[in-house]
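Inspection log for the structure reproduced underneath, given as structure tokens.
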Amino acid sequence: MKPVKRSFTIHDLPTSERPRERLQKLGVNALSAQEILALILGRGISGESVMVTAQRLLSQFDNLKGIAGASVEELSRVRGIGLAKAAQIKAAFELANRLEGYAGAGSKPQVKTPDDVASLVRNRLKGKKKEYFLALLLDSRGRVIKVSEISVGSLDSNIVHPREVFKEAISASAASVIFVHNHPSGDPKASEDDI
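Counting with numbering that gives the first Met the number 0, you get residues 0 to 194 for the letters of the sequence shown.
Take a look at the structure:
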């Protein structure tokens, strides 16, 4: 009978080289993408380090951008990633997207130009495979009160009911509203329905 081959696990690393301990000692900026993914995932599969699982993800999708753009289904096809871990990964990237444009407690980003709008929503919409319709709700000084996701459509269309837009604007006491939506195809030309 052959002995069972034991694979490398996180506990085989010296304590000073483990991602959690490195984060604690050096801060999150000192960690590699692989280490950060390993922390999000928490643990690997039986007999395999979470570091191996994280590296497999990076290899499968080329980089973090590829992972961020992958669906839960695509992520869960990777060995060691089930639906729960795929959901954790998607949630982590969504948190990062929602932070885009956040300037800290008590400080609201101001919108004066189309470039200001783009910088607020770019990360939130990039890589999306469906059309999203957002409303930037502004106060009387053009500062963002809230970026509200009004509707999610399909690959090439999105139905937006005015009632939903007005409800969000009224509940936030917005002085003005800017509407934004993406084209997953990458073609920025407005369709007839957009106009």
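Idealized CB from N, CA, C, for every residue including glycine.
Discussion item. Give me, in chain order, the residues of the same chain whose beta-carbon lies closer than 6 Å to that of I44; leave out the 5 immediate sequence neighbours on both sides.
Written reply: G79
Item to complete: Output yes if chain C places a C-beta closer than 7 Å to the C-beta of R17; else output no.
Response: Here chain C cannot be found, since the structure has a single protein chain.
Worksheet entry | Span of the beta strand (DSSP E), counted from its first residue to its last, around V146 | 143 to 151
Discussion item. Suppose the cutoff is 8 Å on Cβ atoms and the five residues either side in sequence are ignored; what does the same chain contact list for L38 look like?
Written reply: P18, R19, L22, L30
Worksheet entry | Contained alpha helix (DSSP H) runs [length at least 4] in the stretch 19 to 49, N- to C-terminal order | 32 to 40
Item to complete: Take A67 and list the residues in its own chain whose beta-carbon comes closer than 7 Å to its own, dropping the five residues that flank it on each side.
Response: F92, G126
Discussion item. Suppose contacts are defined by Cβ-Cβ distances below 7 Å. Is S196 in contact with A134 by that definition?
Written reply: Residue 196 cannot be examined here, being either before or after the span of the chain that is shown, 0 to 194.
Discussion item. Going by DSSP in three states, A69 sits in which element: helix, strand or coil?
Written reply: Looking at A69 - three-state DSSP - the assignment turns out to be coil, as it is neither helix nor strand.
Worksheet entry | Own chain partners of R55 with C-beta closer than 7 Å, once the 5 adjacent residues on each side are dropped | V77, R78, G79
Practice prompt. Report the three-state DSSP secondary structure of K166 (helix, strand or coil).
Written response: helix
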